[in-house]
Structure formats: structure tokens, C-alpha cells
Amino acid sequence: MMSLVMVGQLMSVAIMTAQTPSLKVPASKPAAPPTATVPRGPTAPVAPVAPVAAVAPVAAQQVQQDGYVIRQSADLGGHLVGVSGSGAMYDTLVNLHSGPRVLGQTFSMRAIPGTKHALIDSLSAFSNGFGGDPINYAKLSFSKGKLYEFSGTFRRDRQYFDYDLLANPSIPPGVGTAYGMTAGVPTTASLPQPQLNQSPVMFNTVRRMTDVNLTILPLSKVSFRVGYSQNIFQGPSLSPGYSIGTSDLLLQEYQRNSTDDFLGAITWKPWRLTSLTFEEQVDHYKADSYFTIAPGQFNVQEADGTPAALGNWDATASPYSIASCNTASMGSGYTSASNYTILSPAQTAGGRPIINPACDVVTSYLRSQPTRVLYPTEMLRFQSASLKNIAVNGDLGYTIANSNLAHYYENFQGLDGAIRNATFTGNARVQRRVASSDLGITWQATERISLSDQFDFSNVHQPGSANVTPGITQNVPTTAGNETVNYAGPLLAGANYTIEGNPNGAPLYGYFGQRYLTNNATVSWEASPRATIALTYRYRTHSIVQAAGSGTLSSLITINENGGILNIALRPTAQWRINGTVEMLYDDNALTPIGPRQTKHYRFHTLYKLKPWATISGAWNDLERHNNTFNTGVTPIDGPLGHVDHTRNAGVGLTVAPNERYGFEVNYDYSDIYISTNACYLNGATATLPGTASTTSSGAPNICPGVFVRGSTTVLSDWGPTKDFMDAPTQYASVGANFSPKPMIRLAAGYSISAVSGNQFFANAQQVNGSLQSAYQSPYFNATWTIRPGWIWKAEYNYFGYGEGGPSGAPFCSSSTSLTSVVVPCNSPTLIGPTGLKEPSSGLSAPRNMHANIVTLSMHYEF
Numbered sequence: 001m002m003s004l005v006m007v008g009q010l011m012s013v014a015i016m017t018a019q020t021p022s023l024k025v026p027a028s029k030p031a032a033p034p035t036a037t038v039p040r041g042p043t044a045p046v047a048p049v050a051p052v053a054a055v056a057p058v059a060a061q062q063v064q065q066d067g068y069v070i071r072q073s074a075d076l077g078g079h080l081v082g083v084s085g086s087g088a089m090y091d092t093l094v095n096l097h098s099g100p101r102v103l104g105q106t107f108s109m110r111a112i113p114g115t116k117h118a119l120i121d122s123l124s125a126f127s128n129g130f131g132g133d134p135i136n137y138a139k140l141s142f143s144k145g146k147l148y149e150f151s152g153t154f155r156r157d158r159q160y161f162d163y164d165l166l167a168n169p170s171i172p173p174g175v176g177t178a179y180g181m182t183a184g185v186p187t188t189a190s191l192p193q194p195q196l197n198q199s200p201v202m203f204n205t206v207r208r209m210t211d212v213n214l215t216i217l218p219l220s221k222v223s224f225r226v227g228y229s230q231n232i233f234q235g236p237s238l239s240p241g242y243s244i245g246t247s248d249l250l251l252q253e254y255q256r257n258s259t260d261d262f263l264g265a266i267t268w269k270p271w272r273l274t275s276l277t278f279e280e281q282v283d284h285y286k287a288d289s290y291f292t293i294a295p296g297q298f299n300v301q302e303a304d305g306t307p308a309a310l311g312n313w314d315a316t317a318s319p320y321s322i323a324s325c326n327t328a329s330m331g332s333g334y335t336s337a338s339n340y341t342i343l344s345p346a347q348t349a350g351g352r353p354i355i356n357p358a359c360d361v362v363t364s365y366l367r368s369q370p371t372r373v374l375y376p377t378e379m380l381r382f383q384s385a386s387l388k389n390i391a392v393n394g395d396l397g398y399t400i401a402n403s404n405l406a407h408y409y410e411n412f413q414g415l416d417g418a419i420r421n422a423t424f425t426g427n428a429r430v431q432r433r434v435a436s437s438d439l440g441i442t443w444q445a446t447e448r449i450s451l452s453d454q455f456d457f458s459n460v461h462q463p464g465s466a467n468v469t470p471g472i473t474q475n476v477p478t479t480a481g482n483e484t485v486n487y488a489g490p491l492l493a494g495a496n497y498t499i500e501g502n503p504n505g506a507p508l509y510g511y512f513g514q515r516y517l518t519n520n521a522t523v524s525w526e527a528s529p530r531a532t533i534a535l536t537y538r539y540r541t542h543s544i545v546q547a548a549g550s551g552t553l554s555s556l557i558t559i560n561e562n563g564g565i566l567n568i569a570l571r572p573t574a575q576w577r578i579n580g581t582v583e584m585l586y587d588d589n590a591l592t593p594i595g596p597r598q599t600k601h602y603r604f605h606t607l608y609k610l611k612p613w614a615t616i617s618g619a620w621n622d623l624e625r626h627n628n629t630f631n632t633g634v635t636p637i638d639g640p641l642g643h644v645d646h647t648r649n650a651g652v653g654l655t656v657a658p659n660e661r662y663g664f665e666v667n668y669d670y671s672d673i674y675i676s677t678n679a680c681y682l683n684g685a686t687a688t689l690p691g692t693a694s695t696t697s698s699g700a701p702n703i704c705p706g707v708f709v710r711g712s713t714t715v716l717s718d719w720g721p722t723k724d725f726m727d728a729p730t731q732y733a734s735v736g737a738n739f740s741p742k743p744m745i746r747l748a749a750g751y752s753i754s755a756v757s758g759n760q761f762f763a764n765a766q767q768v769n770g771s772l773q774s775a776y777q778s779p780y781f782n783a784t785w786t787i788r789p790g791w792i793w794k795a796e797y798n799y800f801g802y803g804e805g806g807p808s809g810a811p812f813c814s815s816s817t818s819l820t821s822v823v824v825p826c827n828s829p830t831l832i833g834p835t836g837l838k839e840p841s842s843g844l845s846a847p848r849n850m851h852a853n854i855v856t857l858s859m860h861y862e863f
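In terms of my numbering, the sequence shown has 680 at position 680, counting the first letter as 1, and numbering is strictly consecutive.
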């Protein structure tokens, strides 16, 4: 809190602060692309950030007062934002909005040499983003010579995500619940099943992070350090729910999680180049999230106006039927299986239809599971280079953490057959013990040869238990006319209600343990002043125990890894640097079917200075992982796994800055993320909803041969095996230039684009590629005009455009699953119902294309 108070005082003297888009690049140096060795993912790309107009070099404004040199500055301005297209996509990628801002503030105070001060020699504070931008930051630091050093930061990060294609069930148009049936014919009036135009995992959350650190006697033989960090994460999000009552519901989670971390450390430096540090770190985690029904799920009402949810939000056909009603209690609403009324028209225009009181609904749901975790860790660290030609470092750590869920609560209200409400309570406890150690030794054997060894050990034991009581239910009488949601008589105690993980209230015990032991032995040889070679042998053993921990229910997996790493660093000339690494690893087992058994990793980086003011660089990174074995020794139904994944990345860049008047930078980057595994799949095909299909080499339907082994006795429900894959080749390019026609004027402009041309296996025939075929571009222009030293006007323009291509989708479809299914192209007119190839590029959800123009005007003033 001290740092925030002091920053607040400083801002009251200077000006309240806010920020322009984060990670901005000065105009004097055009924006560089992401590091070439870091691949991009195939999902919605991250927004490039608007660059800040460069500040012309001017004499720093400063004053001298009370023995200090004081400098202050403030940037005042605001954004003008215009967005067309998907507002949700804009907020997911950019999330900047119109309004005035204080774009930046700085304050520094340093003691004039030769003056003495009792408490502070130097103090600095700066902040940005306070005033409306999604990212805020403030930092305060001050120190007094050899006595102490203090620093504190505050960060606020607004995170909005709504990529509506993610986890979307792709509900076809025309699906709904008929109000009833007359003479065996559904009524024309129906309740439409809404298409989901937002992601079922959408979130709008805020993180607030505070960090303070104080070091006492930093240069003494014995120094002390204390620290405190707090991270608060809160906000609403959507969460697909499991069965609640008789149906699935989309839930809204109100998240409120926080951590409080305390640190105390003492460092002793007995000799030069030797130090020992003891640390005590205590982390306290609080989870107070709870779940309720998402507001959009209330699609009907009871006769008294009580909102109710029918559920089955993700049903792609027949979401609700007479089977969910107690027909003997429907009164005049039920005559026969061919004449009944489930829904009645709304009483007001735009209102919800009225559900028959004898039909299943959910009127209220709440689940809370407040959890507390106390995580103390003791750590002893040491490092020394006092012995000739030998350097040693290491640490020892021990943790005993306790997690406690003291009061689990879950309650359902509504009607589920005869059940009017059900309540679960319970508790759970977990303890986590971790012992770890690391030791590294390097011996400079000769002037050019060094030997080193790095040993890492970690041992984790995590026993736990959960005790959820039998679900307590209250029921209506199971007699005609009484099985309704509005039954007014006394409710009866019902049978215990069970859910997954609740074996009639019996405690569940579990155990998880794992042990890592890794050793890296390395020999390095400086073959010449321009060449260094290092060779490492790695051995790792990883043992995992899970389930009950012992006895017949235990599961023990041991993975032994062997491999080598070769690193070569070359300096052919004083201007040219080359560095490359080859890593080859082999595991004799894997924890999951897609866990790698063979790993190959190639990395290369080079930099060449054409001139002192011109540099060209390049990088290549290729990570290959394979698993084509049967981990358990038993042939899986899907056949050989055939798992392959790779992440490849290559990039080049050119920077030219011959003088302060002009410069430019050009970058290009290519990345490809690919993953594939053989699998069988359910296609969900019906006469009105096509499913993904394939054929064998002979042209017959490619039905999974192991379907009966899976448990089916009457229906061939699986297709395959086939290659389930995702491929996301991405190209990124950027160019930027800056020009200063006069010392008081600077201009900068640039353009960047990220384009994905990927594809995937479509297990859902209604699915489309979305961001796997997309382009995201952002040109910018900015200008600065120095009116006089310390007074600068700035203007900048940014454009953000995101679009997805099409069409895309499964190539072949069927309307059934059998050995005689007819397989046709998914865009065939013979198919009834939507497919990806017939849909727009956005699929069966809201379009995601967007365009935005942002103008930022500001003034920089120093005082």
C-alpha cells in the first residue's frame, strides 16, 4: 500500500496517468516482429500494438530543489475509436475505446553529488493506463545508498475474450421445441433453439497485481529482503455445465480468486564471490468463485412469471419433448401421445412462453466451492566461485502445502420428475509435500575446456480425500395431478441423489505422486577464439503414481529418458555470429497417448552486421515429437497411434539506421504448428443433420472396426480410424520506417500482417476453420512536433483489421452411420441440413470480421 499512496501523492502534484496501447515501439525504431524462435498459435491472433510517436531529442527539463535534481513529465491526450463489424472480436484483440487519457507520467528525484540526505538518495515513479485503457501500470522505487532499496509495482489487466467459434455447438437453424402436438402433427408455434453467438467459454475478467520488495543493507556481508505480492483475479465468465436436473445448462461463473505471497530472506556473503541465502516463502490462495445459470438460459416461464430454463443448450436436434413431462399431472394439457401442449404463448409481446407446470425445468441453481490453500516453502540457496576454476550453485527446498475445501454446496431447484430440489454438501482436503534440490558444478579444466554437471531432483507426494454427502432431495407426491412445479402441499423426503464422484456419500481417497531426477553432463571446448562446441548427455527418470497410491487401484508409470544436446557457437568474423543447437531425446514410455516418445529439436540463430548502422538476422526453430507405440502394450481400438506433432519457425529481419534522420526495418516470419493422431470418432449423423464421413480404399464407408469392442451391440456408431489433425501455417511480415525532415519534426509509418492458411480434421460436419484461415493486419502512422524543448505535440493513427476466409469444412458427409451409409461431398444438394462447405466463413455463429480506426492525439509536457 505504501507504493500506491506515494504514487498517488506524486500524481496529485504532477497529473493522473493512463497509458497508450502496451508494448509500444518508438517511431525511431519500427516495430520488430515476434522473436523468430517463438511460434505463433493457430487461434485468434494477438493484436499488434499501436506505436507511439517518437519524441524528438530535446534538453531534459529539470529543477534543483532541497539538494535534489527533479524531473517531471506528463502526456495528456485521448483516443478516437471507430469500429465496424464484430465488437466482440475487436474487444478480444484490441479493446481500446474512445475517451480522454493521461497517457503517461514520470517523476524522478536524485540527490545532487556532494549533498547528504537522511532517508532518500534517489526516488522515481512512473505510471500509465489509469483512465480507461485495459492495461494499467505504476511503479515506485527509492533507495538510500548502502542502507536499503525499495521497489513497488501495481498492474491492472482487463482481459476480454469472446471468440464465438470456440466450443460452439454449431446449432443448425430451424431447431426448436414445438408448443405441442395435435393429431400427431407438431404445432406450427415453437420455441426456437437459439444459435450461440458468443463463446461458451467467454470471459470478461480483471487482474490486479501488487508487488513490493525491500532489501536492507544490500551491499553488506549480511543483507535482508522482504517482499509481498498480491494477485486478484475476478469477473464473470461462461462455463458449459454438466447435467443439472434432467438437462445440460450453460452456467455463468463469477470468479473471485486471489493469492497473497509473503517472502523473507537473509543472504550471507562470507567470502568474495560466495553467498548463501535462506528464503521463507508463504503463499496463500483463496478461491471464492461460484456458479449460477447463465441469464440467457431462462427461455420459458411458469404461470406465475417465474423464469425457468429448459436446458439442453447445446442440442442440435429435438432439445425438449413430451418425455420430459409428467403426463398424468398435465391436466388438460395432455390428452394422448398425439395430442398435448407443452408450451403456451407468452402473455405479453416479447415475453417468454409459459411451460406446463408438470414439465421438467430448472428455476435456480447455485454451486460454490470456496477453497483455501496455504503453501509454505523453505529454500536454501548457495553459489560460489571462490575456488580457482570451479563454480558451484544449488538449492534445497521443502514444501508442505494444505488445500482445504471446507464447505462444498450445490443446490438445484425446479422439477426433475418428482424431485423439486436437491442439495449436496461436503468437504475435501489435499496435502502436497515437495522436496527438491538442484546442484550445478562447472570446472574450467584447461584454458579452453570446461566440464559441468547439473543435477535436479524433485519428489512430490499428494494424498487427498473428498466427502460429498448423498444428495438430499425433496419430492412432490407421485400421484396424478401432483407432480408439478407449483405443487403447494408439503414436500416429501426423496431418495438420495447421486452425481459423478459421489458414491452415495462414501469418502473418496486419492493419491498422486511423482519423482523427477535429471542429470545433464556437459563438456565445452573453445576450439578457437571464433568457435565453441558443447556436448551434453541428459538422463531423466520420471515416475508417476496415481489413483489410490497402493494396492490394486494404484497406477505406476515410469519414464526413462536419454538424449544428447550439441551446441555450436561460431564467430567467423567480428561482424558475424552463428549459434546452433541440436537436441535428440528418447523416452521409453509416455503418460498419455500423445505424450512424445521421440523428440528432436533444432535451433539456429545468426546475426550479421553489414555496417555499424545495418544489421541482418535470421533464426530457425524446429521441434518434432512422435509417438507411434502402444503405451500399455495392448493394441488400442483406433489402431497404431501414429502421433506426430511439430512446431517449425523461421524468420529473417533487416534493420537500417544510418543516422538520426531516417531508418527502416523489414521482418518476415514463417511458422507452422501441426499435430495429428489416429482416432475413431462419432459423427452424430441424422437424416436432417449430416455428419463427417470417409471411405476405405475400396469406396466402402470407413466404419471403425472396434465399435463392438467399445460396447455397442446394435449400432455401428463410430467412423475411422482416420488422421485427426490440425495444421496452422502462419506468415508474418512487417515493415516500418521513420523520417525526420527537421530536428523538430519526426514521422513514422509501418504495416504488419499475420496470415494463417491452415486446415484441420472436422469431426463435426458443421464446423469451419475460423482463425485457421484468417488474416490480421495493422498499418500505422505517427508524427511528433516539438514546439520547444519539453513541449511536444503527437498524433498517431492505427488501423486494425481481422477477417476469416472460406468456405471450409469436412469434405465428405453422410446422413447415417452403418456399413451401407452413402458417402457424398458435404456440399452435395442431396444432403438435408447445414455443413461447413455450405455455410458462410463464420459457420453457424456470429461473424467475426472486424475493422477499427484509432486516432490518438496527445501532448508531452516536461516541468
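For each residue, glycine too, the CB sits at the ideal point set by N, CA and C.
If the five residues before and after residue 184 are omitted, its C-beta is found closer than 6 Å to the C-beta atoms of 338, all from its own chain and listed in chain order. For the pair residue 839 and residue 670, the Cα-to-Cα distance works out to about 30 Å. In the DSSP assignment, residue 74 falls outside any alpha helix (DSSP H) and lies within the beta strand (DSSP E) extending over 68-85. With a cutoff of 8 Å on beta-carbon distance, residue 197 and residue 164 are scored as near each other.
Counting only the Cα atoms, residue 289 lies some 40 Å from residue 837. Selection 776, 760, 777 evaluated against residue 769 yields 760 as nearest (Cα-Cα). In the structure shown, residue 91 adopts helical secondary structure according to DSSP, grouped into three states. Note that the segment 443-450 does not touch the segment 468-482; fewer than 3 beta-carbon pairs, one per stretch, sit closer than 8 Å. In the three-state DSSP reduction, residue 138 falls in the strand class (E or B).
Residue 324 and residue 99 have their alpha carbons spaced roughly 52 Å apart.
Residue 103 and residue 293 have their alpha carbons spaced roughly 40 Å apart. As for any beta strand (DSSP E) of minimum length 3 sitting wholly inside the segment 363-451, the runs are 371-384, 390-416, 419-443, ordered along the chain. In chain order, 286, 287, 288, 405, 406, 407 place their CB closer than 8 Å to the CB of residue 370, counting only its own chain and leaving out the 5 sequence neighbours on each side. In this structure, the beta-carbon distance from residue 464 to residue 437 does not fall below 8 Å. Our two residues, residue 252 and residue 493, have alpha carbons roughly 30 Å apart in a direct line. Residue 114 counts as exposed, since fewer than 16 other beta carbons sit within 10 angstroms of its beta carbon.
Taking a C-beta distance under 8 Å as the contact criterion, residue 506 and residue 522 do not qualify as a contact pair. Looking at the DSSP output, residue 857 sits in a beta bridge with 78, 795.
In this structure, residue 412 places its C-beta atom within 8 Å of the C-beta atom of residue 421. A distance of 8 Å or more separates the beta carbons of residue 341 and residue 487.
Within 10 angstroms of the beta-carbon of residue 495 lie fewer than 16 other beta-carbons, which makes it exposed. From the listed residues 812, 174, 156, the smallest Cα separation to residue 209 is found for 156. According to DSSP, residue pairing for residue 181 in a beta bridge involves 186, 340. Pairing residue 660 with residue 262, the inter-Cα distance amounts to about 47 Å. The Cβ atoms of residue 345 and residue 300 do not sit closer than 8 Å to each other. Counting only the Cα atoms, residue 383 lies some 47 Å from residue 790. Per DSSP, residue 840 lies in no beta strand (DSSP E) segment and is marked neither H nor E. Taking 8 Å as the cut-off, the Cβ atoms of residue 783 and residue 747 count as close. Inclusion of residue 645 and residue 680 in the CB contact set at 8 Å is not warranted, their separation being larger than that value.
When secondary structure is reduced to three states using DSSP, residue 169 falls in the coil class, being assigned neither helix nor strand. With a cut-off of 8 Å on Cβ pairs, the segment 848-858 is in contact with the segment 78-85, counting three or more such pairs. By the neighbour-count definition (other C-beta atoms within 10 Å, threshold 16), residue 480 is an exposed residue.
Per DSSP, residue 124 is one residue of the beta strand (DSSP E) stretching across 122-128.
A contact between stretches requires three or more CB pairs, one per stretch, nearer than 8 Å, and the segment 236-255 meets this requirement with the segment 311-327. The beta carbon of residue 519 sits closer than 6 Å to those of 455, 539, all from its chain and outside the five residues before and after it, given in chain order.
Judged by beta-carbon spacing, residue 144 lies within the 8 Å limit of residue 120, meaning their Cβ atoms are closer than that value.
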